[in-house]
Each structure stands twice: as C-alpha cells, then as structure tokens.
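Some notes on the structure that comes next.
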Amino acid sequence: MSMERYNAGALENLINELGKLPGIGPKSAQRLAYHILKSSKEDVSNFAKAMAEVKEKVRYCSKCFNITESDPCNVCSSTKRNKNIICIVEEPLDIMSLEKTGSFRGVYHVLMGSISPLDGIGPEDLKIKELLRRIEPEKITEVIIATNPDVEGEATALFLSKILKPLGVKVYRLALGIPMGASIEYTDEVTLARALEGKKEL
Amino acid sequence: MELKSISVKNFRNIKDAAATGFKRANIVTGGNAQGKTNFLESIYYLSTLSSSRMKTLNDLVKTGETYFSLRCKVEKGGLSKTLEAFYGLEKETSVRINENPVSKKSEFIGELKTVKFSPEDIDLIKRSPVERRRNVNLLLSQISRPYLSDLSRYHQILSQKNKLLWQVSEQRADKKMLYVWNAQLVELGVKIVKARLEAIEALKERLKELQYKISGGKEEILLSYKCSFEVEGDLTKNFEEKIKALEEKEIIRKASLVGPHRDDIVFILNGKDAKYFSSEGQQRSIIINLKLAEYLLMKEKTGEEPVVLIDDIFFDLDENRRTELLEVFNGMAQIFIAGTEDKNLTKYFPEHTLINIAEGTVTVNEK
C-alpha cells in the first residue's frame with residue numbers, strides 16, 4: 000500500500016514539473032510523463048543528464064548575451080565577422096534564426112526582452128546600458144534593430160533609435176514585407192499595406 | 000451574398016439547431032422570448048464575432064453550458080464558404096474558414112457581411128459615445144481588414160501607455176518614456192480617424208437624403224464626427240500637439256485623454272442635438288435610416304450585398320412607413336426578418352422561407 004502511494008507520488012511529481020513548461024497543459028504533461036515512464040532507463044538518464052548539463056555549461060555571453068558554452072560566444076570571438084555592425088534582437092533564439100540565413104556578417108546584442116509597462120519592463124530592465132557601453136570601444140558604425148514588429152518591439156526600436164542616433168551611428172530597422180515564396184494574392188491586406196509602405200527603388 | 004445554412008449549438012437559449020433552405024426573404028416567427036432575436040444574433044456573431052448589445056460574450060453561452068459553436072455556409076459570386084466560430088467560457092475562441100483555422104479575427108470578420116436593424120439601436124442616439132464608436136467600428140471592420148487590425152493594435156498601445164501613465168504618476172517611471180507609445184498611438188490613431196471621417200461623410204449624405212424624404216422635407220439630419228483633436232489640416236501634427244498639451248493632465252488622470260477612443264458621433268436634427276431634442280419616434284426613424292445608409296455604404300465599398308437582419312422594428316411605425324420600408328427590404332439580396340405575430344409580413348414576401356422558433360427549437364418551412 001505504502002509502495003503504491005510512493006509510485007503515484009513520483010509520477011504526479013513529474014507531471015507537475017512537466018506542466019510548468021511553456022506550452023504544456025495538464026493533458027500533455029500527463030502524456031509526456033507516461034512516455035518517460037515507458038522509456039528505457041538509459042534514455043531517461045540521458046534526458047536527465049542533458050537537462051542538468053544545459054544548466055551547468057550553457058551561459059550568457061558577457062558581451063552580447065547570446066547563449067553560449069564559451070565566453071565570449073562563437074560570434075563575438077570569430078575573426079571573420081564585421082565587428083563594427085551590431086544587430087539588436089530581443090531574445091537569444093532570434094540570433095539562431097538570423098544565423099540560419101547566413102546573410103548577416105556582423106555581431107549581435109541581445110536585449111533580453113522588450114519595453115512593456117504592462118509586464119513592468121522598462122529600458123533599465125533590458126541590456127541597453129551594456130549596449131551603449133559597446134558603441135565607442137568597439138567602434139560601432141552601424142546598428143540594425145531587429146526587435147519584433149509587435150507594439151512592444153516597435154516601442155523598443157523607437158527608444159533605441161533615439162538614444163543611438165546622437166552617438167553618430169547609422170540606425171536601421173528590419174524591413175517588413177511579403178514572405179518569400181508567398182503570392183501576393185494570398186498575402187493578408189495588413190502585411191501587403193506594410194510592404195507597400197516599405198517599397199524600395201530598383 | 001447569401002446565407003445558405005446555419006447550425007447553432009449552445010447559443011443563448013438555442014441548444015442545438017440546424018436550419019437550411021433559406022431564400023431571399025426569410026421570416027423568423029415565434030412567440031415572445033422564444034429565441035427569434037437569439038437566432039438573428041447567431042448570424043450576426045458569425046459576421047462580426049461580437050454580441051450585438053453591450054452583453055459580454057460569456058452571456059451568449061447557454062446557461063449551464065461551457066461553450067457555444069456556430070457554423071454557416073455562405074455563397075457569394077458562385078463561391079461557397081463554410082464559416083465556423085467557437086467560444087468557450089474561459090475566453091477560448093477559434094474560428095475557421097473552409098475547415099482551416101484562422102489566427103486573426105480580421106481575416107474572418109467581413110466574410111459574412113451583415114447589417115442589423117434592431118429596436119435597441121435607438122441607444123445609439125440615447126446613450127454614451129462608447130456605443131456610437133462601437134457601431135462605427137463594427138461597420139468599418141466589415142468593410143476594411145486593415146481597419147480592424149489597426150484598431151486592435153491601437154488598443155494594445157493604449158493599454159501599454161495607460162499603464163506607463165500610472166507608473167509615471169507613482170514616480171516609478173520617467174515621463175520621457177511616453178513618446179515611444181505616443182508615436183505609435185498617433186500613427187495608428189490618425190489612420191483610424193481618417194477611415195471614420197470618410198465613412199461618416201459617406202453616411203451623412205445618404206442619411207440626410209433618406210430622412211428628408213420620409214419626413215416630407217421637414218427634417219434635416221446631420222451626422223458629424225466629433226474628434227478629440229482638430230481635424231482641419233495636418234492630422235498627425237494636430238494629434239501630437241494635443242497629446243503634448245494634455246500630458247500633465249494625462250499623468251494626473253492616469254489615462255489617455257486624446258485619440259479615436261475618446262471621439263464621438265453626433266446626430267443634429269434641424270440644428271439641434273437629437274439626443275436631447277427629438278421624439279422617440281424621430282429617433283427610431285433616424286436609426287432605421289442610419290442602418291439603411293450603412294447597408295448602402297457597405298454595398299458600395301465592398302461590391303457585396305450584406306445579409307440584412309431585421310428584428311422587430313415595426314411595432315410603432317405607421318402603416319405608410321411600414322409599407323415603404325418593406326418595399327426597400329424587398330429589393331435587398333437576402334433578409335432575415337423577425338416579427339411576433341405579423342400576418343402581413345408573408346403578404347409582402349410571397350416567396351419566402353418560414354423559420355419558426357419555439358423555446359429555442361428551430362424548424363424551417365419552405366413556401
């Protein structure tokens with residue numbers, strides 16, 4: 000009887016922990032927990048090890064706040080990158096997406112969020128001071144603001160451009176438009192209107 | 000545009016109903032409080048994803064149930080589309096077009112275009128600006144997709160700015176930060192005001208003409224947009240300046256005091272505000288004409304004839320006005336008309352579908 004209770008408790012505990020993950024509801028947590036329960040001992044210990052390691056080894060780059068195992072990160076320490084151009088993003092994951100394009104040769108700076116009074120986040124809660132400290136010593140000439148196009152991202156971009164422009168750097172904002180491979184016919188009116196606003200000369 | 004069929008589940012007092020076989024004229028009958036209005040409202044919800052009055056969406060869910068779901072088939076220009084809407088008490092919503100989930104409300108609203116005539120519309124004259132703004136928003140949302148998307152973005156900016164105003168007043172944030180929200184507020188606010196000005200201008204002409212005609216030239220009605228900033232000249236500059244002038248006041252009040260969310264629409268009857276200087280009968284007739292004007296505008300702007308929902312608006316109209324209106328409705332692409340015990344209704348629409356509603360149960364009789 001007491002044995003049974005103990006088992007149910009461990010499973011419940013696991014379901015509870017999984018349920019704390021983003022995007023995982025109680026049903027999914029249950030399914031995942033049963034899956035783990037049915038998996039081999041080896042798989043489960045590898046999984047547990049991977050989780051422990053990620054916390055142990057992975058840290059934030061002291062320069063750009065990218066996630067990295069070595070400090071400074073691969074991008075910051077690379078000799079092939081143009082160190083005078085910074086692309087500003089909200090989250091480390093945004094760097095992964097931009098890196099996959101292979102078309103940006105500069106370096107990055109992660110803000111760790113965006114300005115949002117509703118979430119109690121002001122400019123002082125973002126890595127903006129750290130960004131400003133890089134401009135002069137690293138001879139930054141160009142900044143590309145790649146915050147999200149939502150209202151918080153736009154507010155952050157506006158704030159950044161206002162404080163960066165007086166420092167004599169060129170400030171760019173990522174363009175908005177029609178996704179590649181999409182047809183104009185199926186693009187929603189809002190995106191299309193934005194794309195028209197951002198038209199460029201050929 | 001034509002509604003071909005509808006299924007309704009757990010919506011107000013309708014538990015489970017499926018109706019099909021609609022014609023150009025559809026007469027909704029049944030005793031008082033049997034669900035005629037609810038049936039019309041279910042069509043309206045599939046059009047606008049809103050409840051018609053200032054009811055909350057939770058009020059639309061049948062008592063004792065946890066969700067409602069609606070599904071209809073719409074035909075326009077020979078193409079048929081299936082529209083579905085789901086709403087749960089926990090505020091879960093989902094909408095689908097032709098079985099495909101649609102993430103943005105703005106891509107769904109306007110697929111089925113409707114204009115609704117209802118006795119409660121008289122509140123548009125009598126009550127607060129909130130209802131007048133809501134009315135023009137619902138009209139424009141069906142006409143223009145960017146409008147609805149701009150409007151929802153505008154409200155997101157507004158909540159951020161209001162929170163910041165509160166933080167500034169508590170000395171927890173710097174008022175210098177207000178500009179990052181004001182800049183966006185102005186950009187979108189100007190777009191919204193421009194769209195509304197244009198719509199009001201177009202409605203104004205039509206409303207004036209309709210009212211002049213039915214009053215035998217005795218009544219001149221003027222519709223006018225009362226903007227919280229100056230609309231002559233450069234709107235962007237005017238909006239910016241007004242915000243600047245009101246900055247301290249906004250901080251003290253912890254609220255944004257200028258922008259389309261503070262605007263109003265006024266009805267001027269023979270030179271006086273109709274809210275205070277008109278009879279109930281005059282107000283009813285103005286509102287019916289406003290709705291007719293909205294129908295005409297929607298038809299002109301989109302090239303599609305909206306489905307018209309008419310809920311019990313005849314009870315206090317005289318015979319002439321009644322006949323005249325029924326003639327107008329008779330010329331429309333498709334109408335759903337509800338009346339308690341209107342034997343005459345069937346006379347005006349010789350070919351019609353009869354939709355009978357009794358205690359939330361819907362039965363259809365083709366004639």
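One line per chain: the protein sequences are A and B, in this order.
Those letters in the first sequence? Residues 0 to 201, per numbering that gives the first Met the number 0, in order.
Those letters in the second sequence? Residues 0 to 366, per numbering that gives the first Met the number 0, in order.
Note that beta-carbon positions come from the ideal geometry of N, C-alpha and C, so glycine has one too.
Counting Cβ pairs closer than 8 Å, one from the segment 188-208 of chain B and one from the segment 129-142 of chain B, do we hit at least three?
As far as the Cβ criterion goes, the segment 188-208 of chain B touches the segment 129-142 of chain B, which means the pair count is three or higher.
Would DSSP call L163/B helix, strand or coil?
helix
Would you check whether the ligand PLP has a heavy atom nearer than 7 Å to the C-beta of F38/B?
Ligands displayed in this structure: none; no statement on the ligand PLP is therefore possible.
C-alpha gap between M0/A and K26/A, whole angstroms:
Summary for M0/A: the model assigns pLDDT 47, below 50, so the residue's position carries little reliability, and this model does not support an answer.
Taking one C-beta from the segment 31-47 of chain B and one from the segment 60-79 of chain B each time, how about it: are there three or more such pairs within less than 8 Å?
yes
Other residues of its chain near I13/B: CB distance less than 6 Å, five sequence neighbours each side excluded
Non-local beta-carbon contacts of I13/B in its own chain, meaning distances under 6 Å to residues more than five positions away in sequence, involve V7, G34, N37, G359 in chain order.
For the segment 121-138 of chain A, which residues have a beta carbon sitting closer than 8 Å to at least one beta carbon of chain B?
G121, P122
Which residues does DSSP list as the beta-bridge partners of K80/B?
V73/B
Suppose you measure from the CA of Q282/B to the CA of L291/B; what does that come to, to the nearest Å?
Those two C-alpha atoms are separated by around 14 Å.
Hey, quick one: how far does the alpha helix (DSSP H) through R30/A stretch, first residue to last?
25-37
With burial defined as no fewer than 16 other Cβ atoms inside 10 Å of the residue's Cβ, what is the status of S51/B: buried or exposed?
Buried, since its Cβ has 16 or more Cβ neighbours within 10 Å.
Tell me the rounded alpha-carbon separation between V74/A and I35/A.
Their Cα atoms are separated by approximately 36 Å.
Please compile the residues from chain C whose C-beta is within a distance smaller than 7 Å of the C-beta of F158/A.
In the structure shown, chain C cannot be found, because the protein chains are A and B.
Where does L88/B sit, in a helix, a strand or coil, going by DSSP?
coil
Give me the Cα-Cα distance between E130/B and L138/B, rounded to the nearest whole angstrom.
12 Å
CB of I242/B within 8 Å of CB of Y224/B, strictly:
no
Nearest by alpha-carbon distance to I267/B: which of K125/B, P100/B, A172/B is it?
K125/B
Exposure of P148/A, with buried meaning 16 or more beta-carbon neighbours within 10 Å:
exposed
Where do the N-terminal and C-terminal ends of the beta strand (DSSP E) with K3/B fall, by residue?
1-10
Taking the alpha helix (DSSP H) that S140/B falls in, what are its first and last residues?
Unbroken alpha helix (DSSP H) run through S140/B: 128-142.
Closest Cα partner of N343/B within the set G20/B, I26/B, L2/B, E1/B
I26/B
Tell me which same chain residues have a C-beta within less than 8 Å of the C-beta of S102/B, skipping the five on either side of it?
Around S102/B, the same chain offers no residue with a beta carbon nearer than 8 Å, after the five sequence neighbours per side are excluded.
Give the range of the alpha helix (DSSP H) segment to which K274/B is assigned.
Here K274/B belongs to no alpha helix (DSSP H), and DSSP marks it neither H nor E.
Do V307/B and I264/B have their C-beta atoms within less than 8 Å of each other?
no
Check the DSSP bridge columns for F67/B and list the partner residues they point to.
Y86/B
Out of D315/B, E106/B, T322/B, which has the shortest C-alpha to C-alpha gap to T186/A?
E106/B
Short-range partners of chain B found in the segment 172-201 of chain A, where Cβ spacing is below 7 Å
Contact annotation: in the segment 172-201 of chain A, residues whose CB is within less than 7 Å of a CB in chain B are D187, E188, V189, A192.
At a CB-CB cut-off below 7 Å, which residues of chain A make contact with L163/B?
One finds P116 in chain A with Cβ atoms closer than 7 Å to the Cβ of L163/B, taken in chain order.
Closest to N97/B by C-alpha separation, out of S151/B, E74/B, K90/B, V179/B, would be which residue?
E74/B
Give me the subset of the segment 73-107 of chain B whose CB atoms are less than 8 Å from a CB atom of chain A, sorted by chain position.
K103, S105, E106
Which one of A174/A, I94/A, I139/A, P178/A has the shortest CA to CA distance from K199/A?
A174/A
With distances taken Cα to Cα, identify the nearest neighbour of T92/B among V60/B, G29/B, L222/B.
V60/B
CB contact below 8 Å: V150/A versus chain B:
So yes, V150/A belongs to the interface.
Euclidean distance between Cα positions of A18/B and N99/B:
23 Å
Rounded Cβ spacing between V189/A and S148/B (contact assumed at less than 8 Å)
Taking 8 Å as the upper bound for CB-CB distance, V189/A and S148/B are in contact here, some 5 Å apart.
Which same chain residues end up closer than 8 Å to L191/A when comparing Cβ atoms and leaving out the 5 residues on each side of it in sequence?
I177, I183
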